[in-house]
Structure formats: C-alpha cells, structure tokens
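Written below as structure tokens is the structure these notes are about.
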Amino acid sequence: MQILLADDHPLFLDGMCHILLQLDETVHVHCAETGEAALQLLRGEIEFDLLLLDLGLPDTDGLGLLHILREEAIMVPVIVVSASENLHQIRAAFAAGALGFIPKSHHAGQMLGAIRQVLDKGEIYLPDSIRGRIDRLAASDEIPAGHGITSRQHQVLTLLVQGLANKQIAHRLNLTEHTVKAHLGALFQLLKVSNRTECAQKAQRLGLLTDNTLSN
Numbered sequence: 035m036q037i038l039l040a041d042d043h044p045l046f047l048d049g050m051c052h053i054l055l056q057l058d059e060t061v062h063v064h065c066a067e068t069g070e071a072a073l074q075l076l077r078g079e080i081e082f083d084l085l086l087l088d089l090g091l092p093d094t095d096g097l098g099l100l101h102i103l104r105e106e107a108i109m110v111p112v113i114v115v116s117a118s119e120n121l122h123q124i125r126a127a128f129a130a131g132a133l134g135f136i137p138k139s140h141h142a143g144q145m146l147g148a149i150r151q152v153l154d155k156g157e158i159y160l161p162d163s164i165r166g167r168i169d170r171l172a173a174s175d176e177i178p179a180g181h182g183i184t185s186r187q188h189q190v191l192t193l194l195v196q197g198l199a200n201k202q203i204a205h206r207l208n209l210t211e212h213t214v215k216a217h218l219g220a221l222f223q224l225l226k227v228s229n230r231t232e233c234a235q236k237a238q239r240l241g242l243l244t245d246n247t248l249s250n
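In the numbering used here, each number is its position in the sequence shown, counted from 1, plus 34.
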C-alpha cells in the first residue's frame with residue numbers, strides 16, 4: 035500500500051509514519067513537505083492508495099492542491115489532516131473531493147480508525163462534533179468577511195478584483211502562474227463561485243476587501 039503524506043512539520047511526519055505502518059505490513063509511506071513536491075510524486079509512476087494532506091502547505095495550499103488534482107484527473111483518495119478546524123475550509127475541502135477530515139488532535143487509534151473507514155469501507159470520515167457544526171453552518175450560504183481565506187489567497191484576491199490577469203498576479207507576488215491558478219481554485223471553492231468574475235463580485239459583496247486594499 036502506497037501512502038503519500040503531505041505536511042511541512044517534520045515532527046508530525048515522523049510520528050505519522052510510525053502510525054501508518056500499523057495499518058498494514060505492506061504500507062510504504064512517502065513524505066512531501068511542499069505542495070509542489072507532493073504534485074511531482076502524484077504525477078510520477080507510483081500509484082498511490084491514499085494522500086494525507088495538510089491544508090497549510092507553505093507553497094500551494096491544500097485546497098489549491100485538491101483543485102489541481104481534480105483538474106488533472108489524478109485519482110487518489112484524499113484525507114485532510116489538519117490542526118485547524120476552520121469549518122469553511124473543511125467544507126471547501128470536501129467540495130473539492132476530499133473523503134475525510136482528521137484533526138491533528140486525534141490520537142493514533144482514532145487516526146487509524148478514520149483511515150480504515152475511508153480505505154476499507156469506502157465511507158466519508160468526519161468527526162461527529164465537526165459534522166454537527168458544519169450542518170449548522172450549512173443553513174447559510176455566506177461566509178464571514180475573510181474567514182477561511184489565507185493571507186496569500188487574500189493577496190491574490192485583491193489583485194484579481196483590481197483586474198490583473200494571472201500572469202500579472204504571478205509577477206506582482208513573485209509566484210508561478212501555476213501557483214496563482216491553484217490559489218484561485220481554492221478561492222472559488224471557498225466562495226462557491228465558478229469563475230473570476232463571480233469571484234471578484236462576491237468578494238466585493240461580502241466586504242472581503244477594504245477600500246485601502248483595493249487602492250494599493
């Protein structure tokens with residue numbers, strides 16, 4: 035069984051490797067500390083059985099990576115493992131194709147049980163406490179200003195609203211166009227829109243950008 039663990043915290047990587055080896059004697063764990071490193075492995079010759087993904091990767095955030103996987107039709111089961119329990123990001127992750135969410139506060143037994151629930155039973159995994167909070171949140175289609183949007187996504191969003199193209203945004207923020215596209219995909223998921231125009235309009239309607247940011 036080939037498992038890819040994408041997380042930028044070495045101590046967590048070491049701990050998870052020991053936990054994952056308890057799943058099956060055939061388990062082989064591959065680690066990636068950036069989104070780009072994870073993508074290179076996923077695009078390679080190894081056929082992964084599972085991707086355990088942190089949403090807070092330093093280059094391409096986890097939501098952006100999920101968007102790329104779907105766009106490139108890379109078919110791998112994904113479980114998000116995160117210290118953050120941001121409900122909007124969790125909802126966006128499931129909308130982008132994630133099959134589970136495991137808080138990093140889970141102990142080893144809970145993590146193994148959650149992974150088996152997804153791999154062996156083909157079920158979605160979401161802790162009951164978080165499921166209840168998301169169900170209550172689902173009553174509203176809006177999101178509080180800025181909630182669930184990372185600082186880098188906010189920078190991309192600001193330049194998008196100003197009318198800059200992906201290439202211009204990439205140049206302004208010293209990013210690749212590929213990374214800008216990934217951030218936009220994550221924003222589309224969070225704001226529940228399907229294109230740049232809708233994204234800009236909804237960001238302005240929800241007050242996600244102040245007059246000062248728009249004028250910079």
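Where a beta carbon is used, it is the ideal one built from N, C-alpha and C, also for glycine.
Check, Outcome
"So the alpha helix (DSSP H) residue 110 belongs to, where does it begin and stop?", "Segment: none, residue 110 is in no alpha helix (DSSP H) and carries neither H nor E."
"Should residue 55 be labelled buried (16 or more other beta-carbon atoms within 10 Å of its own) or exposed?", "exposed"
"Take the Cβ of residue 201 as the centre, count every other Cβ of all protein chains shown within 10 Å, and call the residue buried at 16 or more, exposed below.", "exposed"
"Which two residues bound the contiguous alpha helix (DSSP H) that contains residue 143?", "142-153"
"How long is the line joining the alpha carbons of residue 151 and residue 136, rounded to whole angstroms?", "12 Å"
"Which parts of the region 68-130 are runs of the beta strand (DSSP E), unbroken and 3 residues or longer, counting only runs that do not cross its ends?", "84-87 and 112-116"
"Which two residues bound the contiguous beta strand (DSSP E) that contains residue 62?", "62-66"
"Along the chain, where does the alpha helix (DSSP H) containing residue 219 start, and where does it finish?", "211-225"
"Can you tell me whether residue 204 is helix, strand or coil according to DSSP?", "helix"
"Rounding to the nearest angstrom, what Cα-Cα distance links residue 220 and residue 104 in this structure?", "12 Å"
"Comparing alpha-carbon positions, which option in 41, 59, 47 and 52 lies nearest residue 73?", "41"
"Express the C-alpha separation of residue 198 and residue 148 in angstroms, rounding to a whole number.", "42 Å"
"Can you give the Cα-Cα distance for residue 216 and residue 207, rounded to whole angstroms?", "14 Å"
"Nearest by alpha-carbon distance to residue 70: which of 125, 92, 49 and 79 is it?", "92"
"Check the C-beta distance from residue 110 over to residue 86 and give it rounded, since I have them as a contact under 8 Å.", "No, residue 110 and residue 86 are not in contact; Cβ-Cβ is about 11 Å, not under 8 Å."
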